[in-house]
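Peer 1:
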Amino acid sequence: MANITIDKACCKGCNICLSVCPKKIFAKSRQRNNYGTAMPAVENPDDCIVCRMCERMCPDGAINVEK
Amino acid sequence: MAAKSGKLNEVVLQGNEACAKGALYAGCRFFAGYPITPSTEIIEMMSGEMQKAGGAFIQMEDEIGSACAIIGARWGGSKAMTATSGPGYTLMQEAIGFAAVTETPIVIVNVQRGGPSTGQPTLSSQQDIYQARYGSHGDYEIIVLAPSSVQEMYDFTIKAFELSEQFRTPVILLADEVVGHMREKITIRDGSKTIKAERQKYVVSPQADFFQGAFTTVEGQLHDEQGRRIGHIAHKSGEFIYNLNKKITDNVDVISDISTYCMEDADVAIVAYGSVARPSLNAVKHARGIKDARIAPKFKIVRDIMKRGIQKTIQTDYSHLKVGLVKVNTVWPFPEELLKQATERVDTVIVPEMNVGKYSREVERVLKDKNVVPMSKCGGDIHTPIEILDKIMEVTGLDEEVEINE
Amino acid sequence: MNKLYEKYIKKESLPTLFCPGCGNGIIQIAAMEAMEKLNCKDDVACVSGIGCSSWIPCYYKLDVIHTMHGRAIAFAEGLKLARPDKKIMVFTGDGDCMAIGGNHLLHAAQRNIDLTVVMVNNYIYGMTGGQKSPTTPIGAQTKTSPFGCIDEPMNACKLVMSLGASYVARWTTAHPVQLAKSIAEGLDHKGFSFIEVLSQCPVQAGKNVWGEKEPAKIMEKYKEYTYLYKMGSADPTGAMAERNADGLIPIGLFKHDDDAKEYLERVEEKLAEIGIAR
Chain A
324 MANITIDKAC CKGCNICLSV CPKKIFAKSR QRNNYGTAMP AVENPDDCIV
374 CRMCERMCPD GAINVEK
Chain B
37 MAAKSGKLNE VVLQGNEACA KGALYAGCRF FAGYPITPST EIIEMMSGEM
87 QKAGGAFIQM EDEIGSACAI IGARWGGSKA MTATSGPGYT LMQEAIGFAA
137 VTETPIVIVN VQRGGPSTGQ PTLSSQQDIY QARYGSHGDY EIIVLAPSSV
187 QEMYDFTIKA FELSEQFRTP VILLADEVVG HMREKITIRD GSKTIKAERQ
237 KYVVSPQADF FQGAFTTVEG QLHDEQGRRI GHIAHKSGEF IYNLNKKITD
287 NVDVISDIST YCMEDADVAI VAYGSVARPS LNAVKHARGI KDARIAPKFK
337 IVRDIMKRGI QKTIQTDYSH LKVGLVKVNT VWPFPEELLK QATERVDTVI
387 VPEMNVGKYS REVERVLKDK NVVPMSKCGG DIHTPIEILD KIMEVTGLDE
437 EVEINE
Chain C
643 MNKLYEKYIK KESLPTLFCP GCGNGIIQIA AMEAMEKLNC KDDVACVSGI
693 GCSSWIPCYY KLDVIHTMHG RAIAFAEGLK LARPDKKIMV FTGDGDCMAI
743 GGNHLLHAAQ RNIDLTVVMV NNYIYGMTGG QKSPTTPIGA QTKTSPFGCI
793 DEPMNACKLV MSLGASYVAR WTTAHPVQLA KSIAEGLDHK GFSFIEVLSQ
843 CPVQAGKNVW GEKEPAKIME KYKEYTYLYK MGSADPTGAM AERNADGLIP
893 IGLFKHDDDA KEYLERVEEK LAEIGIAR
């Protein structure tokens, strides 16, 4: 179980996190970020293996994974 | 190590060498350059002397790189200089603009040669007078010093470093081939001077050197005091530009420096800068009958012999001319007030310069009520004192010839 | 927010000006990770030129010079010579580094001066709106090659390797862990370190160069079109080649020469040799 947060102020809605997560934890949502685009939602945080690929691959540093 | 700092020594030096010596005395500890005639002696001397003085020297791949490297070195905390001539100076323009907008104190020496383009590599000119001021794009003010002797090559180089730190701006030493290559006896000092790099109030950019924990952002876009870009915000950008220019324009009286000779009772003034101030001074001395052992023989001028084909020489008497000289040391910013004061009592101002007559336009703008006469000379030869005096006679209409039989 | 942002990013400057999905952000984080790994934040200054990638260091809580187009390496050389004890990292792009700044790159590599150059290669001039760059592949349609690019693309790694750069690597934004490791190695290495990063520009290069607009899918392609070159492998020319026999771009560490003399070392050596005390 990990605590995954997506910063609304940083996210630009590029959806890279959707494809880089090996456990497919992120999913499209209708929620808007400050940039004005659709930001992803965290769906199954229990599946997270804390590989931190999303942290590294988020170009805007919006994602934080806490164990 | 060097002997006691500040001890005076008399030496015979070439102008370019004196410039290098001046820079070392002023605490310059980084030199990047690219060889170009007629400034090469500066980089040659710096290559050895700089490293002996504990500084860094690098011969860059071009003048663009040289100008960039000195800006980088200055942010690293070393006082830095480069030297070049016309074509190289043209290449440096983008870096000069960058130094102006980021308020980086650097010194650039331009030993002028004839242009345009490759032009006249081995002959002198003053054709870069406007490029020194307006060379890079955009609105910025800059300080330009014009030495007219080897001593001034030394002194003005030191002054250039002082002014660059004081106003956090690039300072141009606008020398020319004549002063660059001539040799004279001058007084230099031992050791090295410490020019304080103090925080200046009127500066609108970050000022802390690197690696001091200040997180300085040096930004080529218009920026605020923290170095954040404001280029997309019109009112802030406008304010920035005005402040950047005001830094110099509000301090013209502090920066400006002119020298006057025999102006107390003069009717005619010569306004000159750089090497042309030398024949101008000699012209004044000759007209005023001031004896100068070094120049006296030159004035036994024999004219028009060939033309007239007779064994008779004509010597012109200039002694009735009350000529004075205003030598402009800081050519930019234009010393308006000082020039107005100095030329208060004269009606006619002659501006001899080795270009098509550029600086005279500026003189004309400031001295509207006077008869400003440009005296241009292109081709690489410097004006002779007699040419200048003849021009004055022509303009003032006081041409009196005395016939002398040999 | 990414944990490293707290320490390394001026948060008041956020959000970055990069487009959604731009690879620059990934490189920004990789470089932070590298500095964190070496714990050398106080000893690093960054220099960058002009272009999208040159905005990467402008958000760092470091001393930064955001210089003129193409001149980053020249500025960095001056800064390095003034402060030989510090690490200077240069962020530059393919056009910035190889087109307008080509001359400076050549000579810095030749000198083997201790800089760490991260060249972000997005195959296009992104900031000006998608014009042909020195690395644009043949046939790619751009704003200034409307009928398809006809110029052979330049290979930056091959260029600097042939000149004497002593640390050369190529990674992509799809390999952030390796990239961070490589930047750390480059910062640690004494000599000219050149790290080319193949990055995605989904807005300008995406459709025309990669036939794909989704950033994630372009990154998939980077994995698909590259192969890991192992230093000292059977194919010694592999690192120099544009592509291998299967048409794949080599990535990985190409050269790591610790014996090559660094520029400042040579300067000091020479001065000591002739007896100039420093």
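Line by line, the protein sequences are chains A, B and C. Taking the working numbering, the leading residue of the first sequence gets 324, the next gets one more, and so forth. Taking the working numbering, the leading residue of the second sequence gets 37, the next gets one more, and so forth. Taking the working numbering, the leading residue of the third sequence gets 643, the next gets one more, and so forth. For every residue, glycine included, the Cβ atom is placed at its ideal position computed from N, Cα and C.
Can you find a C-beta in chain C that's less than 8 Å from the C-beta of A:D330?
Peer 2: Yes, its Cβ sits closer than 8 Å to a Cβ of chain C.
Peer 1: Looking at the structure shown, is B:V303 part of a helix, part of a strand, or coil, going by DSSP?
Peer 2: Per the sequence shown, residue 303 of chain B should be read as Asp rather than Val. Three-state DSSP puts B:D303 in coil, outside helix and strand.
Peer 1: For B:F12, does the three-state DSSP call read helix, strand or coil?
Peer 2: Absent from the structure is residue 12 of chain B, since the part of chain B shown begins at 37 and ends at 442.
Peer 1: Assuming C:N763 and C:E904 make a contact with CB atoms under 8 Å, what is their CB distance in whole Å?
Peer 2: Contact doesn't hold; Cβ gap of about 25 Å is too wide.
Peer 1: In chain order, what residues of the same chain lie with their CB nearer than 8 Å to the CB of B:A305, ignoring the 5 residues before and after it?
Peer 2: Taken in chain order, the residues that qualify are M299, V359, G360, L361, V362, A378, T379, V382, T384, V385 and I386.
Peer 1: Is A:K347 near A:A361, with beta carbons less than 8 Å apart?
Peer 2: For A:K347 and A:A361, no; Cβs fall outside 8 Å.
Peer 1: How would you call B:M96, buried or exposed, if buried means at least 16 neighbouring beta carbons within 10 angstroms?
Peer 2: Buried is the call here.
Peer 1: Check C:T758 in the structure and name its three-state DSSP category.
Peer 2: Strand, per DSSP.
Peer 1: Could you tell me which chain D residues have their CB closer than 7 Å to the CB of B:S228, listed as they occur along the chain?
Peer 2: Although the question refers to chain D, the structure presented lacks it and instead comprises the protein chains A, B and C.
Peer 1: Let me confirm a value: C:R908 is counted as buried when at least 16 other C-beta atoms fall within 10 Å, else exposed. Which label applies?
Peer 2: It counts as exposed.
Peer 1: Excluding the 5 residues flanking B:Y238 on each side, which residues of the same chain have their C-beta closer than 6 Å to its C-beta?
Peer 2: Counting only Cβ-Cβ distances below 6 Å, and skipping sequence neighbours, we find K283.
Peer 1: Contact criterion: CB-CB distance below 8 Å. Does C:L748 meet it with respect to chain A?
Peer 2: For C:L748, the answer is no, since every Cβ of chain A falls outside 8 Å of its Cβ.
Peer 1: Could you list which residues in chain B have their beta carbon closer than 7 Å to that of C:A718, in chain order?
Peer 2: What C:A718 touches in chain B: G108.
Peer 1: Does any residue of chain A have a CB that is nearer than 8 Å to the CB of C:Y871?
Peer 2: It does not; no Cβ of chain A falls within 8 Å.
Peer 1: Mind pulling the chain B residues with CB within less than 8 Å of C:V689?
Peer 2: Neighbours of C:V689 on chain B, chain order: G108.
Peer 1: Roughly how far, in whole angstroms, is the beta-carbon of A:A325 from the beta-carbon of A:V373, given that I think they are within contact range, below 8 Å?
Peer 2: Rounded, the Cβ-Cβ distance is 5 Å, consistent with contact.
Peer 1: Report the partner residues of B:D212 according to the DSSP bridge assignment.
Peer 2: B:D212 pairs with B:Q148.
Peer 1: Can you list, in chain order, the residues of the segment 653 to 669 of chain C whose Cβ is nearer than 8 Å to any Cβ on chain A?
Peer 2: Per Cβ criterion, the list reads L656, P657, T658, F660, C661, P662, G663, C664, G665, N666, G667 and I668.
Peer 1: Go ahead and pull the three-state DSSP assignment for C:N763.
Peer 2: C:N763: strand per DSSP, three-state reduction.
Peer 1: Quick one: is B:L11 buried, meaning 16 or more other Cβ sit within 10 Å of its Cβ, or exposed?
Peer 2: For residue 11 of chain B there is no data in the structure shown, the boundaries of chain B being 37 and 442.
Peer 1: Okay, do the segment 336 to 345 of chain A and the segment 854 to 874 of chain C touch, 3+ Cβ pairs below 8 Å being the bar?
Peer 2: With the cut-off at 8 Å, the segment 336 to 345 of chain A and the segment 854 to 874 of chain C touch.
Peer 1: Taking only three categories from DSSP, how would you classify B:E220?
Peer 2: Here B:E220 sits in strand by DSSP.
Peer 1: So is B:A250 buried or exposed if we call it buried at 16+ other beta carbons inside 10 Å?
Peer 2: Exposed, because fewer than 16 other Cβ atoms sit within 10 Å of the Cβ of B:A250.
Peer 1: For the alpha helix (DSSP H) containing B:P421, name the first residue and the last one.
Peer 2: P421 to T432 is the span of the alpha helix (DSSP H), which, as asked, contains B:P421.
Peer 1: Quick one: grab the DSSP three-state call for B:Q156.
Peer 2: Strand, per DSSP.
Peer 1: List, in chain order, every chain B residue whose beta-carbon is nearer than 7 Å to that of C:D705.
Peer 2: F246, F247, F251 and T252, listed in chain order.
Peer 1: Run through chain A and tell me which residues come within less than 8 Å of C:M761, C-beta to C-beta.
Peer 2: Going along chain A, no residue has its Cβ under 8 Å from C:M761, so there is no contact; the nearest lies around 18 Å.
Peer 1: Just how far apart, CA to CA, sit B:K334 and B:E372?
Peer 2: Unreliable placement is indicated for B:K334, whose pLDDT of 42 sits below 50; no coordinate value is reported for it.
Peer 1: List, from N- to C-terminal side, the beta strand (DSSP E) runs of 3 residues or more that fit wholly inside the segment 833 to 913 of chain C.
Peer 2: 835 to 840, 868 to 870 and 891 to 898, all fully within the segment 833 to 913 of chain C.
Peer 1: For a cutoff of 8 Å on Cβ pairs, would you count B:M96 as touching chain C?
Peer 2: Chain C contact via Cβ: present.
Peer 1: Name the chain C residues whose beta carbon is nearer than 7 Å to that of A:V338?
Peer 2: Looking at the sequence itself, residue 338 of chain A is Asn, so the reference to Val does not match. A858, listed in chain order.
Peer 1: Just grab the DSSP bridge partners of B:L49 for me.
Peer 2: B:L49 pairs with B:E220.
Peer 1: For a contact defined as C-beta to C-beta under 7 Å, what are the partners of A:S352 on chain C?
Peer 2: Result: empty, since nearest Cβ-Cβ is about 16 Å, beyond 7 Å.
Peer 1: Taking the Cβ atom as the reference point for each residue, do B:S185 and B:M390 lie within a distance shorter than 8 Å?
Peer 2: Contact: no.
Peer 1: If you reduce the DSSP assignment to three classes, tell me which class B:R204 lands in.
Peer 2: Note: B:R204 maps to coil in three-state DSSP.
Peer 1: Would you verify that the beta carbon of A:E366 is, or is not, closer than 8 Å to some beta carbon of chain C?
Peer 2: Not an interface residue.
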